[in-house]
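Shown next, in structure tokens, is the structure this report addresses.
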Amino acid sequence: MNHRDACLKCTICISACPVYRSDGEFPGPKALGPEWHRMQAAGETVVMDHVEDCTFCQLCELACPVGVPIAHLIAQQKDVARAHQSPVVRLRDAILTHPEWVARAPRLSRTPSAVSRVLHLSTTSRRPRPRSAHPISISGGGKVRARVGLFVDCFDRGFDEETLVAAQALLGEWGYDVHLMPKASLCCGAAAYASGRIDQARQQGMAMRTAICENLEGLEVKALITLNATCDGTIDEEWATYLGIDPLPIPVIAFHQFALDQAPKAFWDTLETSPVWTHTTCRGRRHGDGSLGALARVANIPSQALDLECCGAAGSYAFKAEHEATAHRMASTAKPQVKNPSGELWVDSGTCAIHLEQVLGLSARHPAYWLYRRWQAGMGAGQTATNPGDSRPGI
0 MNHRDACLKC TICISACPVY RSDGEFPGPK ALGPEWHRMQ AAGETVVMDH
50 VEDCTFCQLC ELACPVGVPI AHLIAQQKDV ARAHQSPVVR LRDAILTHPE
100 WVARAPRLSR TPSAVSRVLH LSTTSRRPRP RSAHPISISG GGKVRARVGL
150 FVDCFDRGFD EETLVAAQAL LGEWGYDVHL MPKASLCCGA AAYASGRIDQ
200 ARQQGMAMRT AICENLEGLE VKALITLNAT CDGTIDEEWA TYLGIDPLPI
250 PVIAFHQFAL DQAPKAFWDT LETSPVWTHT TCRGRRHGDG SLGALARVAN
300 IPSQALDLEC CGAAGSYAFK AEHEATAHRM ASTAKPQVKN PSGELWVDSG
350 TCAIHLEQVL GLSARHPAYW LYRRWQAGMG AGQTATNPGD SRPGI
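Residues in the sequence shown are numbered consecutively from 0, following numbering that gives the first Met the number 0.
Here it is as structure tokens:
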């Protein structure tokens, strides 16, 4: 597709842009994407002001009536703009676009305020802190239905072992033999691509694909289950479409979608049923924004989706000093909805969960964590909640 000719100049993308509504100086996705692309094609090498203020939420692309990859065109401009950044900002972004480094040494996230100011890191956005898990007994309940891989993303590896172990336990209870992969601390390239470091994203993605394929050798793994919508989208879309990386040889499925398709009916009948809030993140919405609510409905759990577009976290966006005010304004649009901030919020991305928890006061975690907690409350720790052979076919 000739993207600069495909743009209709209809401005629907501007209407869909949450940054445009939160920042009066932001020119909007149409100017930073298609219009910039036209100028580049005409031989004008320009860098527009505020290009770095795009969150790469891709809501503009979801709204575009002719399918122009607007956010990806903006990422290309960010790639050009990097040459004009200060050495300090380039260093900061190099760190933020290598979350696998931080996953290996989570204490790197606890940068002192003085150092944060020097590196132009946010001093107001909450940073992740490691959550270690207690050992969980996985009974499996009977015959193994199939073997699956559970994708270990940077956030869960470094900061949310609780969610990772909870997901592994639930998959085991549903009758699946679970293998964590990749075994090494690697990044899929999502953070780098969002920051316009496209070559770096390609290298990271290729290394990740190689490691996963090596982990698959000798195993009959039927699917790779993900716990982060951003990683899911990057592996499923950016790799093949924008980075030239071959798709994985097995399906990539978000945990909440896998749960809807594969968890035995008896499991849902055991869950504790207090009300919940849900928020499907920007990248998760490419398949619609109702999957988290569907999880609640199948278990007869009352739920309400936050009326919120991009929360402002968007990977490392809220951790940058120049974006912190915009990021907090974006999430704050949901504050009037939350009258009692003592409930739980299901979110399909770890960094978004941290940001929303800080701004809204709700206890925000991945649905795998909450489902396990509710199973514990409904059945008691260590008891078998399901019969893996009932009601739903294996993958």
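Glycine included, every Cβ here is placed at the ideal spot set by N, Cα and C.
Beta-carbon proximity of residue i to residue j, cut-off 9 Å
i, j, result
"residue 346", "residue 272", "no"
"residue 274", "residue 303", "yes"
"residue 112", "residue 320", "no"
"residue 217", "residue 253", "no"
"residue 162", "residue 348", "no"
"residue 99", "residue 153", "yes"
"residue 96", "residue 190", "yes"
"residue 323", "residue 85", "no"
"residue 186", "residue 167", "no"
"residue 210", "residue 249", "no"
"residue 369", "residue 262", "no"
"residue 366", "residue 265", "no"
"residue 91", "residue 105", "no"
"residue 359", "residue 330", "yes"
"residue 89", "residue 109", "no"
"residue 155", "residue 364", "no"
"residue 157", "residue 102", "yes"
"residue 328", "residue 21", "yes"
"residue 341", "residue 194", "no"
Opening and closing residue of the alpha helix (DSSP H) in which residue i lies
i, result
"residue 36", "35-40"
"residue 241", "238-241"
"residue 20", "17-21"
"residue 354", "349-359"
"residue 225", "Not the alpha helix (DSSP H): residue 225 falls in the beta strand (DSSP E), residues 220-225."
"residue 331", "323-331"
"residue 234", "Run containing residue 234: none; DSSP gives neither H nor E here."
"residue 255", "254-261"
"residue 62", "58-62"
Neighbourhood of residue i by C-beta distance below 7 Å, restricted to the same chain and skipping five residues each side
i, result
"residue 241", "71"
"residue 25", "18, 19, 49 and 52"
"residue 30", "47"
"residue 317", "121, 124, 311, 323, 326 and 354"
"residue 371", "165, 168 and 169"
"residue 69", "12, 28, 32, 33, 59, 60 and 63"
"residue 198", "none"
"residue 396", "Residue 396 is absent from the structure shown; the chain starts at 0 and stops at 394."
"residue 375", "none"
"residue 251", "223, 225, 231, 234 and 235"
"residue 39", "none"
"residue 333", "305, 306, 307 and 359"
Delimiting residues of the beta strand (DSSP E) encompassing residue i
i, result
"residue 264", "Where residue 264 is concerned, there is no enclosing beta strand (DSSP E), although the alpha helix (DSSP H) it sits in stretches over 264-268."
"residue 303", "302-304"
"residue 295", "First-last for residue 295: 290-297, but that is the alpha helix (DSSP H), not the beta strand (DSSP E)."
"residue 346", "343-346"
"residue 317", "Counting along the chain, residue 317 falls outside any beta strand (DSSP E), and DSSP gives it neither H nor E."
"residue 364", "362-364"
"residue 278", "275-278"
Contacting residues, own chain, Cβ-Cβ under 6 Å from residue i (five flanking each side not counted)
i, result
"residue 377", "269, 270 and 271"
"residue 151", "179"
"residue 15", "58, 59 and 62"
"residue 351", "280, 310 and 312"
"residue 205", "244"
"residue 267", "297 and 298"
"residue 277", "291, 292, 302, 304 and 345"
"residue 337", "359"
"residue 393", "Residue placement at residue 393 is flagged as unreliable, the pLDDT there being 37, under the threshold of 50; the coordinate-derived value follows with that caveat. Only 144 and 145 meet the Cβ criterion."
"residue 373", "270 and 271"
Residues near residue i in its chain [Cβ-Cβ closer than 8 Å; skip 5 each side]
i, result
"residue 192", "55, 74, 200, 233, 237, 241 and 242"
"residue 7", "64 and 65"
"residue 87", "117, 118 and 119"
"residue 9", "64"
In chain order, each beta strand (DSSP E) run of at least 3 residues that lies wholly inside the region 109-154: 145-150
Would you call the region 163-182 in contact with the region 194-214, where contact means no fewer than 3 C-beta pairs closer than 8 Å? yes
My parser needs the alpha helix (DSSP H) runs of 4 or more residues fully inside the region 167-204; what are they? 189-193
The region 73-81 contacting the region 297-314, beta-carbon criterion three pairs below 8 Å: no
In chain order, what are the residue ranges of uninterrupted alpha helix (DSSP H) at least 4 long that sit wholly in the region 66-115? 69-80, 86-95 and 98-103
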